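Asker: Numbering of the sequence shown is given in our numbering, commencing with residue 1 and proceeding in unit increments.
C-beta: ideal position from N, C-alpha, C; glycine also.
None of the values given here were measured: they were computed from a predicted structure.
Dropping the structure in here first, questions after.
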Amino acid sequence: MAAHVQSTVDCVISVFLQLMQEVPYFDISVLDIAEKSGVSRVTFYKHFVDKEDLLWKAFRQTFLPIDRQIERVDPETLLSDGKPITFYVFENINRHRKFYRNLFMNGMPYYFQCQFLDYITSESFRTHENLRLAYGQREIDYRRINEYLAGALFNLLRNLLQEDQEINALLMGEFFTRLSGPGVINLCRKID
1 MAAHVQSTVD
11 CVISVFLQLM
21 QEVPYFDISV
31 LDIAEKSGVS
41 RVTFYKHFVD
51 KEDLLWKAFR
61 QTFLPIDRQI
71 ERVDPETLLS
81 DGKPITFYVF
91 ENINRHRKFY
101 RNLFMNGMPY
111 YFQCQFLDYI
121 TSESFRTHEN
131 LRLAYGQREI
141 DYRRINEYLA
151 GALFNLLRNL
161 LQEDQEINAL
171 LMGEFFTRLS
181 GPGVINLCRK
191 ID
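Put into structure tokens, the structure is as follows:
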């Protein structure tokens, strides 16, 4: 992507993220975003299909640091670099609290909710490579474990964001791992 095009995209995303700090998602219009970004609506639509496309790209931009931090989960400890993988999620939620609170409390678009859950599921799948290998081929695919964990994390995030206080990322990460970890490890043991 050309530098000036990337600059326009970054500006629009930045303005959108700023608006998400102040205005409920459904009250933000493409016109508001375009005007505050200093671009026309035509220019907006050259880079984004619609507001939901912008939402997804803004989300990906806020989550990209997590993708780079988390490699694989140790199959014995269920930790990544000494911390639960959900620690990094909770830490990211704290950094972008108003953005996530706006989405979770003010009506997340259904399509985005599905993308969000699919993303968390795929990241869980990616980081669980060693666990998947230990689990092997079974009647119930390992992806079902990832889907279960993504749904549990989604609901935990929703409830924590309702409380409107900073999340103790390490405490909640350890809680989530201790709660789900024994079941995952038990499932990955060889069945005789």
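#1: Alpha carbon to alpha carbon, how far is residue 166 from residue 127? Give it in angstroms, no decimals.
#2: Given residue 12, which residues of its chain have a CB within under 6 Å of its CB, disregarding the five upstream and five downstream residues?
#3: Quick one: Cα of residue 85 to Cα of residue 179, how far?
#4: In its own chain, which residues sit with a C-beta less than 8 Å from the C-beta of residue 125, not counting the 5 before and 5 after it?
#5: When you compare only the Cα positions, how much space is there between residue 7 and residue 47?
#6: Suppose the cutoff is 7 Å on Cβ atoms and the five residues either side in sequence are ignored; what does the same chain contact list for residue 17 look like?
#7: Check whether the Cβ atoms of residue 108 and residue 162 lie closer than 8 Å to each other.
#8: Helix, strand or coil, according to DSSP, for residue 80 in the structure here?
#9: With three or more C-beta pairs closer than 8 Å as the rule, is the segment 20–40 touching the segment 81–95?
Answerer: The short version:
#1: 26 Å
#2: 37
#3: 13 Å
#4: For residue 125, where only same-chain residues beyond five positions count, the Cβ hits under 8 Å are 132, 142, 143 and 146.
#5: One C-alpha to the other measures close to 11 Å.
#6: If we look at residue 17 and ignore the five residues flanking it on each side, its Cβ neighbours are 58 and 99.
#7: no
#8: strand
#9: no
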